[in-house]
Structures are given as structure tokens and as C-alpha cells.
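Please read the structure below before turning to the comments.
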């Protein structure tokens with residue numbers, strides 16, 4: 001600038017300053033005052049100081065990538081790529097999702113945090129002056145949550161969360177999965193489920209079942225273990241039961257009556273099969289050969305000895321046994337059960353109030369031997385005092401006392417000498 005001393009200086013600095021300002025500069029200082037300055041003999045030096053302007057790029061005042069930094073300088077520098085809001089602010093998120101428990105599934109939990117940073121951009125050059133600027137905060141640790149207990153289900157983790165979020169790894173999602181819990185299954189020795197038995201679910205912790213789970217009570221069955229600790233919380237645990245062998249007591253008999261102990265009985269001897277008897281023959285008396293006759297007293301002929309005749313022999317009648325097979329008498333020596341006979345060895349009621357003895361003797365009601373039974377089971381009676389053998393019908397009449405004569409008539413022709 002040229003001029004005479006004392007003349008006003010017409011030059012102004014503002015247009016030049018404005019041009020610089022539009023290009024990203026800023027006015028630092030100037031000792032020149034437009035319109036107030038004059039030329040002086042000395043001291044006509046003026047200084048205007050400008051420098052590059054900068055701008056802080058923050059989440060609240062982000063840059064606009066690909067746009068001019070200085071609006072009045074469209075051809076000037078552009079905003080850098082990483083000056084947008086997404087590069088200056090990041091949100092950290094922790095999400096806990098619950099699945100698998102149906103309508104009882106817990107609700108999702110989401111927590112947030114924010115990381116921020118700022119850049120300083122040279123408005124003249126468009127460069128970031130602090131490219132290594134750190135985030136604030138550098139990291140964030142989220143809260144941990146205990147997994148809610150859902151009855152009947154078991155979760156894969158006991159708690160979730162506690163994520164350490166950073167600007168470079170800001171987000172984390174946890175998934176808690178519920179699965180249907182196992183049951184205690186009462187089974188028989190063949191591994192078949194017992195019908196009607198309770199099948200209680202395990203008591204969950206929630207990631208494991210509690211130890212020593214009690215087994216259910218099953219009527220009529222006894223478990224092999226009173227409690228169990230399942231090895232896998234989502235698998236059923238079979239427990240073997242054995243069926244009780246308690247005897248069934250009838251409703252009207254509270255206490256079972258023990259069966260009586262049988263008394264050992266001697267085994268009876270097997271009777272011999274009797275030989276087929278010949279037809280009855282009326283015994284004929286033996287007539288002895290007469291000796292030389294004596295004048296005074298002739299010899300007495302032999303009298304046949306009746307079978308099993310015991311005069312005036314007394315016996316105690318045996319008790320009357322129960323009636324059995326038929327109306328026939330058993331042959332002597334045969335152990336039979338007939339209407340009027342008991343086993344061999346017992347007395348049996350006989351005709352006219354008498355008794356048939358086991359040895360075949362026939363006793364009257366007074367205990368006197370009056371006859372015998374032959375091999376065919378037929379009764380033969382001995383006439384009183386004579387020892388004469390008679391059939392059952394005739395002897396019975398003789399014993400009755402009313403028809404003794406009939407018995408004697410039947411023996412006509414038999415000579416006997418009676419001794420009173």
C-alpha cells in the first residue's frame with residue numbers, strides 16, 4: 001500500500017479474512033482496523049493472523065461423510081467416513097432369551113450401555129487430527145441373572161448374563177433353554193411300568209435335579225430303593241418294585257386259621273384175598289365106633305367139637321361203628337367195611353343185640369360166645385349146652401327163646417347126648 005504521510009488508508013482486510021474463513025480458517029488476530037488507519041512516517045506495518053479451524057465431531061454433532069466440511073466452500077474438503085454418528089457412538093446390548101417352557105417361559109431380558117468418542121477434524125484439510133481417540137467407557141460389564149425356576153422343566157444354565165461389552169464387541173445374546181424334566185417311573189422286574197402307579201417329576205434346581213428324590217408309594221408293591229438321584233434331569237429314572245406276597249385274608253376272618261397238623265396214623269395191613277369157599281355143608285357129627293358093650297353103661301359116641309366154642313366166655317361189647325357198605329357180614333379174616341361191620345380189630349353189632357368179634361366169634365347180649373362166622377360171612381350158632389352148629393336164621397330163633405323146638409326139628413336124625 002502506498003500513500004502520503006497523514007493520508008487515510010483505504011484498504012480493508014475483511015474481504016480477505018472472510019475468504020479464509022469460508023475455506024476453514026479462523027481469524028486469530030489483526031492489528032489493522034479498517035477505515036481507521038493512516039499512513040505514518042514509521043509504523044505502517046500491520047499483521048492479520050489466521051489459522052486452520054477445527055471442529056469436534058461428536059455423537060451429538062457428527063460429520064456428514066461425503067459432504068463439504070465448509071458449507072461456503074463446496075469444492076473444499078469433505079467429511080471423513082468415520083465421522084458419522086455410528087462411528088462416534090455405539091450401543092452395547094445384553095439380551096437373555098428364554099425358550100422351551102411353553103406358556104410358563106420367562107420373558108426376555110435386555111440391557112443396554114453406550115460407548116462414545118469424538119474426533120477433531122481440520123476444516124481446511126478435512127483430516128482427523130486424533131484418529132486414535134479412545135471410546136468412553138472402554139468396556140462395560142452387564143448384570144448376571146439367575147435362571148428362573150419353572151416347575152416341571154430344567155434349564156441348560158443356572159444363570160445368564162454378565163457379558164463384558166466393548167465398542168468392538170458390544171452385543172451379546174444368551175439363550176436359556178428349558179426342557180421337560182424327567183420322572184420317576186415305578187416298574188416291575190421285567191421293566192414294565194406298573195399300571196396306576198404315580199410317576200412324580202423331579203424337583204429341579206433348575207439346572208439339575210435335587211439329590212435323594214423319594215420314590216412314590218405303590219399299593220401292593222415294595223421298591224428296591226427308598227430314594228434315587230437321577231443321572232440325567234431330562235430322562236426318566238425307572239425304579240424296580242417287587243410285588244408283595246402277603247397272603248390274602250378273607251373279609252370275615254381277620255386272622256388266617258392255620259391248618260391242623262395231621263396226626264400220623266399207622267398204615268393198616270393189607271387184607272389177604274380170601275380163597276373162594278366151597279358151598280356150605282351142614283357139619284355132620286362124627287359117630288365113633290362103639291367099644292365093647294358094657295352091661296352097665298354103654299360108651300358115649302364122640303361129639304364133634306364146634307369151631308371156636310368157648311363156653312360162658314365173657315367179652316366186653318365193642319362200640320358200634322358207623323354204617324358202611326351193604327347188609328352182608330364180612331367173612332372172618334377179611335378186613336371189610338360193611339353195614340354192620342367195622343375194620344378188623346373192632347367189635348360189630350350183631351343180630352339180637354349181640355356182637356360180632358374181630359376173631360369171628362358171635363357173642364350174645366350178655367357176652368357169651370354163641371356162634372362164629374364162616375369163610376363166606378355166614379353166621380353159625382351153637383345150640384346151648386350141645387355145641388350143635390346152626391345157621392343164622394335158626395340160631396337167631398333159638399337165641400330168642402321162642403322157637404327152640406324149630407331148631408331141634410331141623411336137626412332130626414342127629415343123635416346127641418346132652419349133659420346137664
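Numbering (the UniProt record's numbering), first residue to last: 1 to 420.
The beta carbon of each residue, even a glycine, is placed where N, CA and C say it ideally should be.
- Here the C-alpha atom of residue 3 lies approximately 28 Å from the C-alpha atom of residue 28.
- Listed in chain order, the beta strand (DSSP E) elements of length 3 or more contained wholly in the region 63–138 are 89–99, 109–116 and 119–122.
- The residue from 204, 133, 230 and 184 with its alpha-carbon nearest to that of residue 223 is 184.
- When secondary structure is reduced to three states using DSSP, residue 204 falls in the strand class.
- Uninterrupted alpha helix (DSSP H) stretches at least 4 residues long and entirely within the region 9–61 occur at 14–22, given in chain order.
- Residue burial annotation: residue 11 is exposed, with fewer than 16 other C-beta atoms found within 10 angstroms of its C-beta.
- Inclusion of residue 229 and residue 214 in the CB contact set at 8 Å is not warranted, their separation being larger than that value.
- In this structure, the straight-line span from the alpha carbon of residue 179 to that of residue 102 is close to 10 Å.
- For residue 171, the enclosing beta strand (DSSP E) stretches over residues 171–180.
- For residue 353, the three-state secondary structure derived from DSSP is helix.
- CA-CA distance, residue 162 to residue 232, rounds to 27 Å.
- Among the bridge pairs identified by DSSP, residue 240 is matched with 187.
- For residue 223, the enclosing beta strand (DSSP E) stretches over residues 221–223.
- Beta-bridge analysis with DSSP links residue 164 to 141.
- Under the DSSP assignment, residue 379 falls in the beta strand (DSSP E) whose first and last residues are 379–382.
- In the three-state reduction of the DSSP assignment, residue 230 falls in the coil class.
- Contact between residue 158 and residue 146 holds, since their C-beta atoms are separated by about 7 Å, short of 8 Å.
- Here residue 373 is bridged, per DSSP, to 379.
- According to DSSP, residue pairing for residue 149 in a beta bridge does not occur.
- Taking one beta carbon from each stretch, the region 56–74 and the region 110–128 have 3 or more pairs nearer than 8 Å; the two touch.
- About 5 Å separates the Cβ atoms of residue 360 and residue 373, confirming a contact at the 8 Å cut-off.
- A Cβ-Cβ distance of about 49 Å is found for the pair residue 176 and residue 69, leaving them out of contact under the 8 Å criterion.
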